[in-house]
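Read the structure below first, then the notes.
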Amino acid sequence: MTEAVSITRRHVVAGLTLTAASVAALSVAGRSTGALAQDKPLYERLGGVFAIAAVVDHFSDAVVANPIVGQNSENPQLKEWHTSNLGRLPGLKFMRTLWVCEVSGGPFQFSPTKPGSTPLGLEEAHRDLKISPAEFDEVAAELGRTLDFFEVPEAEKNEVLGAFAAHKDEVTAGYVAS
């Protein structure tokens with residue numbers, strides 16, 4: 205008989221808290237040894253794949269419910285995706301998790317279903333959604349709210365948001381101002 209594993213917000217917060225405590229301890233130790241906690245990959249400081257997957261799961265559900273970019277979006281392509289294509293959401297969560305793991309220095313490799321100009325490029329996957337810069341910013345704000353929900357430390361939160369923002373031009377490549 206296999207034992208079911210349940211990852212709750214408490215588990216993720218505990219993992220992230222342990223990670224933050226480890227970062228703080230390493231930072232203090234680093235003052236005397238020259239090693240800094242920031243030398244650890246962001247992936248490790250975020251708590252690894254399980255913590256990242258929990259954040260991506262919450263974030264993805266929040267985007268679907270978001271009034272600006274989700275099911276009630278004024279962008280017809282986003283509205284359509286978030287109503288008619290929700291059967292694809294589990295796969296999207298998986299792909300987003302792989303993407304974040306790779307971008308943050310983890311051991312997993314993202315392999316796009318619609319390759320962009322680079323291995324992590326997102327322009328082709330998002331082109332048909334015609335995402336505006338303002339809509340991208342709202343998704344980034346939703347990501348920030350999710351990171352706050354999981355009490356991700358400020359330094360790591362800023363790194364995640366910075367990695368996300370670095371792909372803004374790719375994600376908004378299909379947008380044409382009217």
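One rule links them: number in the numbering used here = place in the sequence shown (from 1) + 204.
Note that beta-carbon positions come from the ideal geometry of N, C-alpha and C, so glycine has one too.
Using the rule of at least 16 other Cβ atoms within 10 Å of the residue's Cβ for burial, across every protein chain shown, is G274 buried or exposed?
Flag for G274 reads buried.
P337 lies in the alpha helix (DSSP H); which residues open and close that run?
Here the alpha helix (DSSP H) through P337 covers P337 to F353.
How would you write the range of the alpha helix (DSSP H) that Y247 sits in, first residue to last?
Unbroken alpha helix (DSSP H) run through Y247: L246 to L250.
Which residue comes first and which comes last in the alpha helix (DSSP H) that contains L282?
From DSSP, the alpha helix (DSSP H) with L282 extends over P280 to S288.
One question on the structure: do V260 and V307 come within less than 8 angstroms of each other, judged by their Cβ atoms?
No, these two residues do not count as a Cβ contact at 8 angstroms.
Beta-carbon separation of G378 and K318 under 8 angstroms?
Not closer than 8 angstroms, so no.
Find out if the Cβ-Cβ distance for the pair L246, E355 is shorter than 8 angstroms.
No; because the gap between Cβ atoms is not below 8 angstroms, this pair is not in contact.
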